[in-house]
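A short write-up of the structure that comes next.
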Amino acid sequence: MAHGHGEGHPIVGHVVPFRLLVSVLGALLVLTVATVGATRFDLGSYNVWIALAIAVVKAALVVLYFMHMRWERPFNAVIFITALFLVALFIGIALADTHAYKPDQIPGYAPKMGTVVQ
Amino acid sequence: MSHAAHDHDHPAHLQHHFETPAQQFDSGKLGIWLFLATEILMFGGLFVAYAVYRANHPEIFLYAHRFLDSTLGGINTVVLLCSSLTMAWAVRCAQLGKQKALKVLLALTILGGFGFMGIKYVEYRHKWHEGLMWGTKYAPSEHAKEAAFGHHETKAAEKPAPAPALPPVAPMTPLAKDVVFEQSKVAPAPQGPTGTVSKEARGDAEHATHTAREAKNVQVFFGIYFLMTGLHGIHVVVGIGLISWILKKAAAGAYGPQYFTPVDFVGLYWHLVDLIWIFLFPLLYLIH
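Order-wise, the sequence lines are chains A and B. First residue of the first sequence? That's 46 in the numbering used here, and the numbers climb one at a time after it. First residue of the second sequence? That's 34 in the numbering used here, and the numbers climb one at a time after it.
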């Protein structure tokens, strides 16, 4: 085979079908409407987790199809996921640490209450 | 097909230290993904600041996010998502050698970038005029407060939280008559210790005053807001510059099925900028 020179198909990389690209955009727009709509419901602390879950699905669509990760060499995915893992570790440990302290032990941040126990 | 590129005269874009175009392309891909990983880590630091501050002071985020315009934020999300599609489509056109479509789609992507920055400018200018800034510059105008909360709510919410009732004290058992206590030499404290109110009582008091209560240290929210959206905005500006450079070279016919690497890699960067915004929009504008 003469290696695909001239007009037609590239010798490297993966060509994403046009219909797939448009479908991904459609899904992203629907999810954007969903994340805005979800704020109309008061679900307490679940609201932030629903917002984050929708954002993760949107991000996955962008990475897999717009960024070709689905057809990428696995090692590039390893690099990407490692970065995400390190950020998750950073946030997780920072939150675990900050939860270990009472806010009123930080000067100037005590919750202002009406009375103090005598 | 047996590693055909060896017996082929080298294309102009193949650097001498690479064996094949495929090797060159894969090396470049590895490099761009490593760069994107460092970008994620850089933004990660700001997301940590956000997470820690929101976990400690949810009331500031509940209060302050109402100063943000979620309609403009939503429009900007759509603008950025659409420009991501035109970028991915442009890469496809470069791969297939569709020169005219490539140029049109790159121009549309740049337009999307300018559209995003234009809306961001409207939002920033509004915050500047209404005193919704970081640090000591935070001085919200009455107009901004009314727009965010309406006048009735703020007035009602300014009443202090009701004092939580103290638990009843159990009566002491009577002591024998001949027991004498020594007088304590420790002076009584001028004020009781803080932090002894039960968590439940504290939660009730906070709920009673709802989200409209003017929170303290709101300037920190705007510090986080301007840092996160500002760093993201800088990335959009850089992206506009990079895509303009690609467009200039595309106009000279530099890209086609044999060589489209810069289009692909700038595209990956542009999608990452989109990716960051996908998280910034709900976390800053859609707090509930």
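Glycine is no exception: its CB is placed at the ideal position from the N, C-alpha and C atoms.
List the endpoints of the continuous alpha helix (DSSP H) containing B/Pro54. DSSP places B/Pro54 inside the alpha helix (DSSP H), whose first and last residues are Pro54 to Asn89.
Within the chosen definition, does the stretch 149-166 of chain B reach the stretch 87-98 of chain A through at least 3 CB pairs nearer than 8 angstroms? The stretch 149-166 of chain B is not in contact with the stretch 87-98 of chain A.
By the 10 Å Cβ neighbour count, where 16 or more other Cβ atoms means buried, how is A/Ile138 classified, buried or exposed? When all chains shown are included, A/Ile138 counts as exposed.
Name the residues in the stretch 98-111 of chain A whose C-beta lies less than 8 angstroms from a C-beta of chain B; which are they? Going along the stretch 98-111 of chain A in chain order, one finds Ile99, Ala100, Lys103, Ala104, Val107, Val108, Tyr110 and Phe111 with a Cβ nearer than 8 angstroms to chain B.
Using a Cβ-Cβ cutoff of less than 7 angstroms, which residues in the same chain neighbour A/Thr127 once the five nearest sequence positions on both sides are dropped? Within the same chain, A/Thr127 has no close Cβ partners at all.
As assigned by DSSP and simplified to three states, the class of B/Tyr292: B/Tyr292 falls in the strand class under three-state DSSP.
Taking only beta-carbon atoms, is A/Ala72 less than 7 angstroms away from chain B? Not one chain B Cβ lies under 7 angstroms of A/Ala72.
The stretch 121-138 of chain B: which residues have C-beta closer than 7 angstroms to a C-beta of chain A, in chain order? Hits within the stretch, in order: Ala121, Trp122, Arg125, Gln128, Leu129 and Gly130.
Does B/Ala88 get closer than 7 angstroms to chain A when you measure Cβ to Cβ? It does: the Cβ of B/Ala88 has a partner Cβ on chain A nearer than 7 angstroms.
Between A/Phe130 and chain B, is the shortest Cβ-Cβ distance under 7 angstroms, so that the two count as touching? Not one chain B Cβ lies under 7 angstroms of A/Phe130.
Comparing alpha-carbon positions, which option in A/Leu134, A/Ala141, A/His144 and A/Leu129 lies nearest B/Ile73? Residue nearest to B/Ile73 within the set A/Leu134, A/Ala141, A/His144 and A/Leu129 is A/Leu129 (criterion: CA-CA distance).
Look up B/Met120 in the DSSP assignment and say whether it is helix, strand or coil. Helix, per DSSP.
Compare the beta carbon distance of A/Leu73 and B/Leu114 with 7 angstroms and say whether it is the shorter of the two. Using a Cβ distance threshold of 7 angstroms, A/Leu73 and B/Leu114 count as a contacting pair.
Answer yes if the stretch 99-119 of chain A comes into contact with the stretch 109-126 of chain B, meaning at least three C-beta pairs across the two stretches below 8 angstroms, and no otherwise. With a cut-off of 8 angstroms, the stretch 99-119 of chain A and the stretch 109-126 of chain B count as touching, because enough Cβ pairs lie within range.
Beta carbons nearer than 9 angstroms to chain B: which residues of the stretch 57-70 of chain A have them? When CB distances to chain B are screened at a threshold of 9 angstroms, the residues of the stretch 57-70 of chain A falling below it are Val57, Gly58, His59, Val60, Val61, Pro62, Phe63, Leu66, Val67, Val69 and Leu70, in chain order.
With a Cβ-Cβ cutoff of 7 angstroms, do B/Phe293 and B/Ala88 count as a contact? No, the pair does not count as a contact, with Cβ atoms beyond the cut-off.
is_contact[A/Pro55, chain E] using C-beta, thresh 7 angstroms: Absent from the structure is chain E; the protein chains it does hold are A and B.
Would you say A/Leu76 reaches chain B, if we count a Cβ-Cβ gap shorter than 7 angstroms as a contact? For A/Leu76, the answer is no, since every Cβ of chain B falls outside 7 angstroms of its Cβ.
Quick one: is B/Ser31 near chain A, going by C-beta distance under 7 angstroms? Past the boundaries of the shown model lies residue 31 of chain B; chain B is included only from 34 to 321, so the question cannot be answered.
Could you check if B/His304 is buried or exposed, using at least 16 other CB atoms within 10 Å of its CB as the buried criterion? With 16 or more other CB atoms across the displayed protein chains lying within 10 angstroms of its CB, B/His304 is buried.
Of all the options B/Pro173, B/Asp102, B/Leu67 and B/Val111, which has the alpha carbon lying nearest to the alpha carbon of A/Gly71? Just measuring C-alpha positions, the residue of B/Pro173, B/Asp102, B/Leu67 and B/Val111 sitting nearest A/Gly71 is B/Val111.
Enumerated in chain order, which unbroken segments of the alpha helix (DSSP H) with a length of 4 residues or greater are wholly contained in the stretch 56-82 of chain A? Restricted to the stretch 56-82 of chain A, the alpha helix (DSSP H) segments that are unbroken, complete and at least 4 residues in length are 63-82, listed in chain order.
Excluding sequence positions up to five away, which residues of its chain have a Cβ less than 8 angstroms from the Cβ of A/Ile99? Taken in chain order, the residues that qualify are Leu76, Ala79, Thr80 and Ala83.
Whether B/Tyr318 touches B/Ser103 by CB criterion (7 angstroms): Contact: yes.
Closest to B/Gly145 by C-alpha separation, out of B/Ala285, B/Gly274 and B/Tyr288, would be which residue? Among B/Ala285, B/Gly274 and B/Tyr288, the Cα nearest to that of B/Gly145 is on B/Gly274.
Quick check on this structure: which residue in B/Trp167, B/Tyr288 and B/Gly183 has the alpha carbon closest to the alpha carbon of B/Thr262? Nearest neighbour of B/Thr262 by Cα position, chosen from B/Trp167, B/Tyr288 and B/Gly183, turns out to be B/Trp167.
Please check if any C-beta of chain B sits within less than 7 angstroms of the C-beta of A/Ala145. Taking 7 angstroms as the CB threshold, A/Ala145 stays off the interface with chain B.
For B/Phe100 and B/Tyr171, which I take to be in contact (beta-carbon distance under 8 angstroms), what is that distance rounded to the nearest angstrom? Actually they are not in contact, since the Cβ atoms of B/Phe100 and B/Tyr171 sit about 10 angstroms apart, beyond 8 angstroms.
If distances are taken between C-alpha atoms only, which option among B/Leu129, B/Ser277 and B/His49 comes closest to A/Val57? Nearest option by C-alpha distance: B/Leu129.
Helix, strand or coil, according to DSSP, for A/Arg118 in the structure here? Three-state DSSP puts A/Arg118 in coil, outside helix and strand.
Inter-residue Cα distance where the pair is B/Leu301 and B/Pro290: In a straight line, the C-alpha of B/Leu301 is about 18 angstroms away from that of B/Pro290.
On the three-state DSSP scale, how would you describe B/Asn250? In the three-state DSSP reduction, B/Asn250 falls in the coil class, being neither helix nor strand.
With 16 as the cutoff for other CB atoms within 10 Å, does B/His185 come out buried or exposed? Below a pLDDT of 50, predicted positions are generally treated as unreliable, and B/His185, at 46, falls in that range; the measurement from the model is reported next regardless. The residue is exposed, with fewer than 16 neighbouring Cβ atoms inside 10 Å.
Would B/Tyr83 and B/Ile257 be called neighbours here (beta carbons separated by less than 7 angstroms)? In contact: B/Tyr83 and B/Ile257 (Cβ atoms closer than 7 angstroms).
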